[in-house]
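Report on the structure given below.
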């Protein structure tokens, strides 16, 4: 297979909401170039792109899939991405290595919610962008409305390159404003006939062509001078101006397509070849310390790993972009993140599940290798003479979470291994064991994201699992002082156990006055690992309890504080004063006083008006103004306290404080309510008292659980 130089490699990512036709377009691009003799379809589950079993099951893309085609002496690397926000990690990694983003707009639906969400990432990375209005052959296609919505959303950068003559069921003609011809396609699509623009369209076409010329000229001073001198620009000058405009994010060319019927695809591919920027045209990626890495074939080789895939038979596949230099089979690289050396034993150009071996790849190209032991997504591999890490990919925080357990206990270890493997493939999916709630927590981008993960575990790895609700890490404290004593006495053959303690407990707060009831001999303040404090006063006089037993009493209290009497949650902010007790010259020992201290604390705690505290989060909900009322109502149904409302661009920002127990239900509710338009930022704020009725219910549920475990 031919190795292309950096000037003849174009990397494009196909982006758009679900059902916009990305996979069909990718298939058609390969067919147009002659790499396929027959086009597959999503319905028949035989496309090059959507080849995974889970994609066949769902009928839509779950993974970003790399493909390539060769078109008029150019190589076009194509990445077909999922259209749902649940799989946004696949989209973000693809955007980072593309040179141009092709956003598909469904001519039936215009600029959809999914388009708006995906645009944020393209805009963040400042990628040159093409808008492709697809499905113009559909009976409900509306090009004019789609174009108007695009102009309203993307702004004045929207630049008409083509428009359809007859959108709808009879669609077969496109007016091209760059070449000023009409393309008429045969019944089955394919190679069009070039015809003069009809007289009825000539005035409109001339006007739009002039607008195109002005748009191209305004991006470069030299071209602007040419335009003023000649009154127009030739085709090459137009291309140059459009390329400059695309790189400045001031030109978003609009193309017309029916990917399903192979109409308009070849013309857009020609534009990608001749006009769309390549890696060598655009600014290089930055390292973590801010150094630019130009796409220079003569520079030391540098590879950036943007995707990892684990195949059952092949093992780990690492997809990379050659940021500089060139890579060949047998080369050694230094992983800057892990400090390990990796050897490239094989190189592939990948088309879906097909891997095409190649000896070398040059700067700007995308490839794949296998069996890198210590390299993951976001890592940089440096050849001799190269140093520094390419800036890592920034993934969005998780939006939803569940606890996950294996249905069969013997699968626990295997489940842990497979979850780590899935996280390696998808960094937006995180897994951790939470010691406090004693659950394995699985976090992802949405309910579908987690459901697909469950499907993979059960169908690919044969591990039956179930999802459970994540337990809330409550805290317990008290609201008034209480006194208690406990005598621990146990007799058996030989030495027995004996210890008796008298304690007073009080709610602790910063700056509270010293205890006056008893003389304080010594005070120890413990910063609890779960937050809050324990203040421990030794008020023993007359030697009724030997000083050596005080640490054991405190240890027993701490042990009970780690699993509070009310719900088994951590206890915080309590002052304990040990003021009396008894000991036995033979039977008293550390364990006796530890048990006595623990039980005395438990009894005092239950008498001191125990209060359950719940974690609350400060949240910001960014929402369109027309949805604000509905969103505020939803917030209030989830015990949220509205703090303030502000404006940000064309949206409203609602700031509120929401209990964590409600947040897990609130986020998917807001997502459904706003059709994905609401954006939520959440951050832990503090612990707040749980309402009394809810506290009673939670405490009763805990008691029932404890009783069930005993029996």
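Residue numbers (my numbering): 584 to 1294. Heads up, the beta-carbon is just placed ideally off N, CA and C, and yes, glycines get one too.
- Under the three-state reduction of DSSP, residue 944 is assigned to strand.
- Boundaries of the beta strand (DSSP E) around residue 688: 683–689.
- Straight-line measurement puts the Cα of residue 804 at about 12 angstroms from the Cα of residue 823.
- Here the C-alpha atom of residue 1033 lies approximately 15 angstroms from the C-alpha atom of residue 1254.
- The three-state reading of DSSP puts residue 904 in strand, counting E and B together.
- Under a 10 Å Cβ-count criterion, residue 649 is classified as buried, with 16 or more other Cβ atoms of the shown protein chains found around its own Cβ.
- Boundaries of the alpha helix (DSSP H) around residue 1036: 1030–1038.
- Taking C-alpha positions only, residue 1243 is separated from residue 1197 by approximately 7 angstroms.
- Non-local beta-carbon contacts of residue 1148 in its own chain, meaning distances under 6 angstroms to residues more than five positions away in sequence, involve 1185, 1188, 1189 in chain order.
- Between residue 965 and residue 916 a beta carbon distance of about 6 angstroms is seen, short of the 8 angstroms cut, so the two are scored as contacting.
- Residue 962 places its beta carbon 8 angstroms or farther from that of residue 1003.
- Under the three-pair Cβ rule at 8 angstroms, the region 1198–1218 does not count as touching the region 1169–1180.
- Going by DSSP, residue 817 is part of no beta strand (DSSP E) at all; its letter is neither H nor E.
- Taking a cut-off of 8 angstroms for Cβ pairs, the region 706–721 and the region 791–803 do not touch, as fewer than three such pairs fall below it.
- The criterion of a C-beta distance shorter than 8 angstroms is satisfied by residue 1206 and residue 1235.
- Take residue 1285, set aside five residues on each side of it, and the residues of its chain with a beta-carbon closer than 7 angstroms to its own are 1150, 1151, in chain order.
- In the displayed model, residue 751 falls within coil according to three-state DSSP, outside both helix and strand.
- Closest by C-alpha distance to residue 1281, out of 1256, 1267, 1057, 1153, is 1057.
- Of the other Cβ atoms in all chains shown, fewer than 16 fall within 10 Å of the Cβ of residue 872; this residue is therefore exposed.
- Shown here, residue 1113 sits in coil according to DSSP, grouped into three states, outside any helix or strand.
- Collapsing the DSSP output to three states places residue 717 in a strand.
- Beta-bridge analysis with DSSP links residue 1051 to 986.
- Bridge partners of residue 1070 according to DSSP: 1083.
- Residue environment analysis places residue 811 among the exposed positions, since fewer than 16 neighbouring C-beta atoms fall within 10 angstroms of its C-beta.
- Using a C-beta cut-off of 8 angstroms, the region 941–956 makes no contact with the region 968–986, since fewer than three inter-stretch Cβ pairs fall below that distance.
- Here the C-alpha atom of residue 728 lies approximately 9 angstroms from the C-alpha atom of residue 692.
- 750 is the residue among 704, 750, 679, 787 whose C-alpha sits nearest the C-alpha of residue 725.
- Annotation: the continuous alpha helix (DSSP H) that includes residue 1219 extends over 1211–1220.
- In this structure residue 754 touches residue 841 by the C-beta definition: roughly 6 angstroms separates them, less than 8 angstroms.
- Here residue 941 is buried, its C-beta having at least 16 other C-beta atoms within 10 Å.
- The DSSP-derived three-state label of residue 846 is strand.
- Only buried fits residue 1084, as 16 or more other CB atoms lie within 10 angstroms of its CB.
- Between residue 686 and residue 599, the C-beta spacing is below 8 angstroms.
- Straight-line measurement puts the Cα of residue 592 at about 28 angstroms from the Cα of residue 764.
- In this structure residue 585 is exposed. Its beta-carbon is surrounded by fewer than 16 other beta-carbon atoms within 10 angstroms.
- By the Cβ rule, the region 1043–1057 counts as touching the region 984–1004, because three or more pairs are nearer than 8 angstroms.
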